[in-house]
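Residues in the sequence shown are numbered from 2 upward in steps of one, following the numbering used here. In this text, a Cβ means the ideal position worked out from N, Cα and C, and glycines have one as well.
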Amino acid sequence: MDKEMMKYYIIFYSFFLLSCNVDVKTPQIGLVEINGAILESEEIIKNINYFHLRDDIDGILVRVNSPGGGVAASQEIYEKIKDIRDNSDKPIVVSMSSIATSGGYYVSIGADSILANPGTITGSIGVIMGYPTVTDLMEILGLNYTIIKSGQYKDSGSPFRKTSPSDSSYLAMIVDELHDQFKTDVQMERHLSVGEINRIAQGQIFSGRQALELDLIDKIGTFEDAIWLISNMAGFNTRPNLIKIPKKRIGLVDAILGEIKLKLGLMDKYVIPEYRYK
2 MDKEMMKYYI IFYSFFLLSC NVDVKTPQIG LVEINGAILE SEEIIKNINY
52 FHLRDDIDGI LVRVNSPGGG VAASQEIYEK IKDIRDNSDK PIVVSMSSIA
102 TSGGYYVSIG ADSILANPGT ITGSIGVIMG YPTVTDLMEI LGLNYTIIKS
152 GQYKDSGSPF RKTSPSDSSY LAMIVDELHD QFKTDVQMER HLSVGEINRI
202 AQGQIFSGRQ ALELDLIDKI GTFEDAIWLI SNMAGFNTRP NLIKIPKKRI
252 GLVDAILGEI KLKLGLMDKY VIPEYRYK
């Protein structure tokens, strides 16, 4: 081998050795899971912020498997996801699981991209308010319930008296107002016409495939597809590491108190409007 060839050989071999030692960064993607009824927003927003504020996290993947829930809680989570989309360089993607309806859909529309499986149940763009009435049972038991109120509508939705026509009109007005808020945000985020949003926002549910045809989501894809998509959006072409929220240990007393709080909260929800599929 002559000197010229030897020189090229050394250069090539040196580059080869260097390439073997290149430290290729593996993307780090934070995973936030929204499972079950959305009763409050604090914990979910805290989890999203945990990844938003970490410099080593390249993107946030939100996995939604929820029928929806509280109106204000759904709106707050939507606003947080939207804020990251608009004011952060980290991509945020929603992957829908089995169900992402009503409030579960609402929280999703703020993301950079929404993926659903063909069989995902989504949509249900509407508001529902329900409460029991026990007046007939009270008559059977010989019970009376006295209410002293400051205004005509103060006890609207009470289970202890029959609903009057004025009650129904008053509560329907609240439901319509909350429905308009939902429709306005979906129309804006999904770039729909007034006719389109009015046609699809009557509480109907849709499959993932139907939702794609109606422009309610961006792609048909699995959870694995969403992982690769957010990695690409973050500027990588390798599969990322999924980072989950560290689980905190809950003592027996805290668990019991939490269960009591949940049951009391559900008992108190009879007259609260919800973005929820039922």
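#### Entry: Proximal residues to residue 52 (C-beta, below 6 Å), its chain only, five neighbours per side dropped
Here the question's residue 52 lines up with position 51 in the sequence shown. The answer, listed in chain order, is 31, 58 and 61.
### Message
Please state whether the Cβ-Cβ distance between residue 1 and residue 108 is less than 7 Å.
### Response
There is simply no residue 1 to check, as the chain begins at 2 and stops at 279 in what is shown.
### Task
Would you kindly check if the distance between the Cβ of residue 93 and the Cβ of residue 82 is under 7 Å?
By one-based count along the sequence shown, residue 82 stands at place 81. By one-based count along the sequence shown, residue 93 stands at place 92. The answer is yes: Cβ separation under 7 Å.
#### Entry: Contacting residues, own chain, Cβ-Cβ under 7 Å from residue 278 (five flanking each side not counted)
Translated into positions along the sequence shown, residue 278 becomes position 277. These residues qualify, in order along the chain: 68, 69, 102, 103, 125 and 206.
#### Entry: Pairwise C-alpha distance: residue 203 and residue 37
The residue given as residue 37 occupies position 36 in the sequence shown. The residue given as residue 203 occupies position 202 in the sequence shown. C-alpha separation (whole angstroms): 23 Å.
### Message
Determine whether the beta carbon atoms of residue 227 and residue 116 lie at a separation below 7 Å.
### Response
For the purposes of this step, residue 227 is identified with residue 226 of the sequence shown, where counting begins at 1. For the purposes of this step, residue 116 is identified with residue 115 of the sequence shown, where counting begins at 1. Going by beta carbons, residue 227 and residue 116 fall inside the 7 Å limit.
### Coil, strand or helix - residue 98 by DSSP
Taking the first residue of the sequence shown as 1, we reach residue 98 at position 97. DSSP places residue 98 in strand when its eight states are reduced to three.
### Task
Assign residue 194 to buried or exposed, taking buried as 16 or more other Cβ atoms, counted over all protein chains shown, within 10 Å of its Cβ.
As a working note, residue 194 is residue 193 in the sequence shown. Classification of residue 194: exposed, given that the 10 Å Cβ count is below 16.
### Query
From residue 128 to residue 76, what distance separates their C-alpha atoms?
Counting from one through the sequence shown, the residue named residue 128 turns up at place 127. Counting from one through the sequence shown, the residue named residue 76 turns up at place 75. Roughly 13 Å separates the two Cα atoms.
#### Entry: Completely contained beta strand (DSSP E) runs for the segment 28–103, where each covers 3 or more residues
29–36, 60–67, 69–71 and 93–102
### Query
Excluding sequence positions up to five away, which residues of its chain have a Cβ less than 8 Å from the Cβ of residue 238?
Walking along the sequence shown from the start, residue 238 turns up at place 237. So the list reads 232, once near-sequence residues are dropped.
### Query
Buried or exposed: where does residue 113 fall if 16 or more other Cβ atoms within 10 Å of its Cβ makes it buried?
On the sequence shown, residue 113 is found 112 positions in, with the first residue counted as 1. Residue 113 is buried by the Cβ-count criterion.
### Query
Under the three-state reduction of DSSP, which class applies to residue 277: helix, strand or coil?
Walking along the sequence shown from the start, residue 277 turns up at place 276. Three-state DSSP puts residue 277 in a strand.
### Task
Identify the continuous alpha helix (DSSP H) that holds residue 224 and give its terminal residues.
Within the sequence shown, residue 224 is the residue found at index 223, counting from 1. Its alpha helix (DSSP H) spans residues 224–234.
### Query
What did DSSP end up calling residue 185 once you bin it into helix, strand or coil?
Position 184 of the sequence shown, counting from 1, holds the residue named residue 185. If DSSP states are grouped into helix, strand and coil, residue 185 belongs with the helices.
### Query
DSSP state of residue 199, grouped into three classes?
As a position in the sequence shown, residue 199 is number 198, starting the count at 1. Three-state DSSP puts residue 199 in a helix.
### Task
Out of 209, 224, 241 and 248, state which residue places its alpha-carbon closest to the alpha-carbon of residue 119.
Indexing the sequence shown from 1 puts residue 119 at position 118. It is 209 whose Cα lies nearest to the Cα of residue 119.
### Task
Look at the alpha carbon of residue 28 and the alpha carbon of residue 56, and state the distance between them as a whole number of angstroms.
Along the sequence shown, one-based indexing puts residue 28 at 27. Along the sequence shown, one-based indexing puts residue 56 at 55. Residue 28 and residue 56 have their alpha carbons spaced roughly 12 Å apart.
### Task
State the start and end residues of the unbroken beta strand (DSSP E) segment that holds residue 116.
As a working note, residue 116 is residue 115 in the sequence shown. Taken as a continuous stretch (DSSP letters only), the beta strand (DSSP E) holding residue 116 covers 114–117.
### Message
Please identify the residue among 180, 213 and 174 whose C-alpha is closest to the C-alpha of residue 191.
### Response
Taking the sequence shown and counting its residues from 1, one reaches residue 191 at position 190. Checking every option, the nearest Cα to that of residue 191 belongs to 213.
### Message
Whole angstroms are fine: how far does the CA of residue 244 sit from the CA of residue 187?
### Response
Along the sequence shown, read from residue 1 onward, the residue named residue 187 stands at position 186. Along the sequence shown, read from residue 1 onward, the residue named residue 244 stands at position 243. Answer to the nearest angstrom: the Cα atoms are 30 Å apart.
### Query
In the DSSP assignment, what residue or residues form a beta bridge with residue 207?
The residue given as residue 207 occupies position 206 in the sequence shown. In the DSSP output, where bridge partners are listed per residue, residue 207 has 123.
### Task
Look at the alpha carbon of residue 216 and the alpha carbon of residue 54, and state the distance between them as a whole number of angstroms.
In the sequence shown, counting from the first residue as 1, residue 216 sits at position 215. In the sequence shown, counting from the first residue as 1, residue 54 sits at position 53. Distance from the CA of residue 216 to the CA of residue 54, rounded to the nearest whole angstrom, comes to 31 Å.
### Query
Leaving out the 5 sequence neighbours to the left and right, which residues in its chain are closer than 6 Å to residue 211 when beta-carbon positions are compared?
Mapped onto the sequence shown, residue 211 falls at position 210. Once the five neighbours on either side are set aside, residue 211 has no close Cβ partner at all.
### Cβ distance (whole Å) where residue 79 is taken to contact residue 105 below 8 Å
On the sequence shown, position 78 is the one that residue 79 refers to. On the sequence shown, position 104 is the one that residue 105 refers to. 11 Å between Cβ atoms; not a contact.
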